[in-house]
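Numbering (our numbering), first residue to last: 29 to 397.
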């Protein structure tokens, strides 16, 4: 394997019950609840999906986390990027699996964090009342300080992925921050106060006109898949123009409502979509490709879902190979390729083995390395 290529897979910690999910969706709810109730919505629709090697696991079980890391490592995944939910004033959700990874020192597998700074709405979990379940708040500098302090044990862990000694930390929605420069300054200063050279901040979901450096960030992870999901079908104005910026905010505002209005799934050919989202631009800052093995969120959203139809290991291999070529012909601070995702089963978006393909997606990726 080319040791300079570093595939990092997003990791969803949703597979264990928590009191909030018990209250919202019923006792014992986890991501598997939606996965198991999925039904095919048209001829040839691959649903439901059944896990293979790892089964319907519970992430409170350390042996499960060890098996995931072993499987990932054997097939060329460099590390996991755990989704991290901090809603403000110390409120967290789904934090237990990652906290146990840090506290136990196991598995021995690199990791980083992505702050999924979004309000949780019912629309994302199958309830189309669009009610707010957990609101994302930004109380101010003191909260940024407390947030950093809660992350410090992870940042100090030898497994935490760093660039030039700086912990790599992602923010999913930087545009939602009241002032990204203030947030970045606080995190960077606190990192230095705790013996690091600083913090390396990555933006996940930003429009093309957004530049990281003026906003206190170091780099950007490809926004092209998000752009396709929420904007591409209705884009009128050129990205980067004044009206394009207005349209971005307007479409973002309407995002949830547009999903609610849909009466049948939007179905696209996988190969056409990944060809489109593989046109990664060459930027004058650190820019990292993001690749998608598959997408089908009908277990959550039913007829209001979006489905990439026809993904196969061979088509995924082409998509991933294009990312390898891109990263080998650019010069970011490190050669990360971000994979969405390791285990988002209710979005049909995973590398873990299922009963149809087994480990074929993992092996296809490994062959590119």
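Just so it is clear, CB atoms sit at the ideal spot from N, CA and C, and this is done for glycine as well.
Cα separation between residue i and residue j?
| i | j | result |
| --- | --- | --- |
| residue 215 | residue 239 | 19 Å |
| residue 350 | residue 393 | 11 Å |
| residue 324 | residue 89 | 27 Å |
| residue 369 | residue 43 | 14 Å |
| residue 60 | residue 52 | 15 Å |
| residue 134 | residue 94 | 7 Å |
| residue 237 | residue 55 | 44 Å |
| residue 208 | residue 132 | 33 Å |
| residue 295 | residue 305 | 16 Å |
| residue 335 | residue 326 | 7 Å |
| residue 241 | residue 314 | 10 Å |
| residue 328 | residue 76 | 12 Å |
| residue 245 | residue 356 | 23 Å |
| residue 129 | residue 104 | 20 Å |
| residue 181 | residue 200 | 21 Å |
| residue 283 | residue 212 | With a pLDDT of 49 at residue 283, under the threshold of 50, the modelled position of this residue cannot be trusted, and the question is left open. |
| residue 271 | residue 149 | Its pLDDT being 49, under 50, residue 271 is placed unreliably in this model, and the coordinates cannot settle the point. |
| residue 218 | residue 229 | 13 Å |
| residue 67 | residue 318 | 28 Å |
| residue 127 | residue 37 | 18 Å |
| residue 156 | residue 192 | Since pLDDT at residue 156 reaches only 44, below the 50 mark, its modelled position is unreliable, and no value is offered. |
| residue 261 | residue 310 | Any reading at residue 261 is ruled out, since the residue's pLDDT is 40, under 50, leaving its predicted position unreliable. |
Using only CA atoms, which one of the options lies nearest to residue i?
| i | options | result |
| --- | --- | --- |
| residue 234 | 376, 213, 252 | 252 |
| residue 225 | 245, 195, 200 | 195 |
| residue 171 | 136, 129, 212, 116 | 116 |
| residue 102 | 129, 120, 137, 197 | 137 |
| residue 118 | 131, 83, 346, 166 | 166 |
| residue 92 | 63, 125, 67 | 125 |
| residue 184 | 211, 203, 221, 149 | 221 |
| residue 205 | 190, 232, 332, 34 | 232 |
| residue 145 | 307, 120, 371 | 120 |
| residue 256 | 243, 230, 219, 297 | 297 |
| residue 79 | 63, 187, 395 | 63 |
| residue 249 | 310, 366, 65 | 366 |
| residue 343 | 371, 311, 388 | 388 |
| residue 21 | 331, 96, 243, 197 | A question about residue 21 goes unanswered here, because the residues of the chain that appear run from 29 up to 397. |
Classify residue i as buried or exposed, calling it buried when 16 or more other Cβ atoms lie within 10 Å of its own Cβ.
| i | result |
| --- | --- |
| residue 106 | buried |
| residue 352 | buried |
| residue 168 | exposed |
| residue 265 | Any reading at residue 265 must be qualified, since the residue scores a pLDDT of 37, below 50, and its modelled position is unreliable; no value is offered. |
| residue 263 | Model confidence at residue 263 stands at a pLDDT of 41, short of 50, so the residue's coordinates are unreliable and nothing is read from them. |
For the beta strand (DSSP E) that contains residue i, what are its first and last residues?
| i | result |
| --- | --- |
| residue 35 | 34–39 |
| residue 120 | 119–121 |
| residue 195 | 194–199 |
| residue 248 | 247–249 |
| residue 113 | 107–116 |
| residue 336 | 334–337 |
Grab the span of the alpha helix (DSSP H) containing residue i for me, first residue to last.
| i | result |
| --- | --- |
| residue 219 | 208–221 |
| residue 343 | 341–356 |
| residue 314 | Residue 314 -> not in any alpha helix (DSSP H); beta strand (DSSP E) instead, spanning 314–316. |
| residue 298 | 298–305 |
| residue 169 | 169–184 |
| residue 237 | First-last for residue 237: undefined, no H or E at that position. |
| residue 224 | Unbroken run through residue 224: none, as it is neither H nor E. |
Run the proximity test for residue i: is its beta-carbon closer than 7 Å to any non-hydrogen atom belonging to the ligand MG?
| i | result |
| --- | --- |
| residue 304 | For the ligand MG, the structure offers nothing, since it holds no ligand at all. |
Given 8 Å, three or more beta-carbon pairs between the segment 135–142 and the segment 93–113: Three or more Cβ pairs drawn from the segment 135–142 and the segment 93–113 lie within less than 8 Å of each other, which places the two stretches in contact.
Three-pair Cβ contact test at 8 Å for the segment 355–366 versus the segment 374–383: Contact between the segment 355–366 and the segment 374–383 is absent, because fewer than three Cβ pairs lie under 8 Å.
Cβ contact (3+ pairs, closer than 8 Å) linking the segment 54–73 and the segment 380–392: Counting C-beta pairs with one atom in each stretch, the segment 54–73 and the segment 380–392 have fewer than three that are closer than 8 Å, which means they do not touch.
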